[in-house]
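Chemist: Residue numbers for the sequence shown follow the working numbering, beginning at 1 and rising by one.
Ideal placement from N, C-alpha and C gives every residue a C-beta, glycine not left out.
If you're wondering where the values come from, they're calculated on a predicted model, not measured in any experiment.
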Amino acid sequence: MKFLVTKDLAHSTLLAKLMLGVCIALFFYLGLDSVLHAYILGDNLSEITNTLYGNVDAFIEPILIDTLLLQVHMDLFMALLSIMILSSIYIRLFREKKSTKLLVHLVFIFGLFAPVFLLIAYFTSLWAVYVWLVNFFFWHLIGLGMLLAIIKKLLFK
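1. Closer than 8 Å is the cut-off here; do at least three beta carbon pairs connect the segment 113 to 131 with the segment 81 to 95?
2. Do residue 116 and residue 83 have their C-beta atoms within less than 8 Å of each other?
3. Taking three-plus beta-carbon pairs below 8 Å as touching, is the segment 39 to 51 in contact with the segment 95 to 105?
4. What residues in its chain sit with their C-beta under 7 Å from that of residue 49, if we drop five residues either side in the sequence?
5. Ends of the alpha helix (DSSP H) at residue 143?
6. Can you name, in chain order, every residue of its own chain whose Cβ lies under 8 Å from the Cβ of residue 104, other than the five neighbours on each side?
7. Once DSSP output is grouped into helix, strand and coil, what is the label at residue 120?
8. Using DSSP with H/G/I as helix, E/B as strand and the rest coil, what is residue 55?
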């Protein structure tokens, strides 16, 4: 951001509005990403296991490996992109708080492990599905919390 005259958001209302717009878009992305995963993989544990492993009794075939790899590839890319944007804005606005470092580390860990454990769950067993669910849930929950804090700070200075 070398092109900015000042880093103070009070003097740059355009930058504050741009950051607010990006955060609102990321907020909708995280919400719709949860809806997408519920639609593709299922919204409860039995649907997720049926999608990943299939079900002989119900004549459900497991998800194809190329479909899963494509989903994991998209998840890794979008998670990395959104986490980088989210973290950079959060660090800029909340660098003096002690919890900033912890939140940024947690969102990175949970966000990047979620797609990896989805792939591991396909090749292993139910324990990896639980680990994937925990990582996916917490990365979205922490991300949404960080976004709400950013939006609150930008709207109500």
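Modeler: Taking the definition as stated:
1. No: the two stretches stay apart, fewer than three of their Cβ pairs being nearer than 8 Å.
2. Cβ atoms of residue 116 and residue 83: not closer than 8 Å.
3. Segments in contact, no.
4. Setting aside the 5 residues that flank it on each side, residue 49 is surrounded in the same chain by 126 and 129, each with a C-beta closer than 7 Å to its C-beta; the list follows chain order.
5. Element bounds for residue 143: 126 to 155.
6. Within the same chain, residue 104 has close Cβ partners 87, 90 and 91.
7. Helix.
8. In this structure, residue 55 counts as strand in the three-state DSSP scheme.
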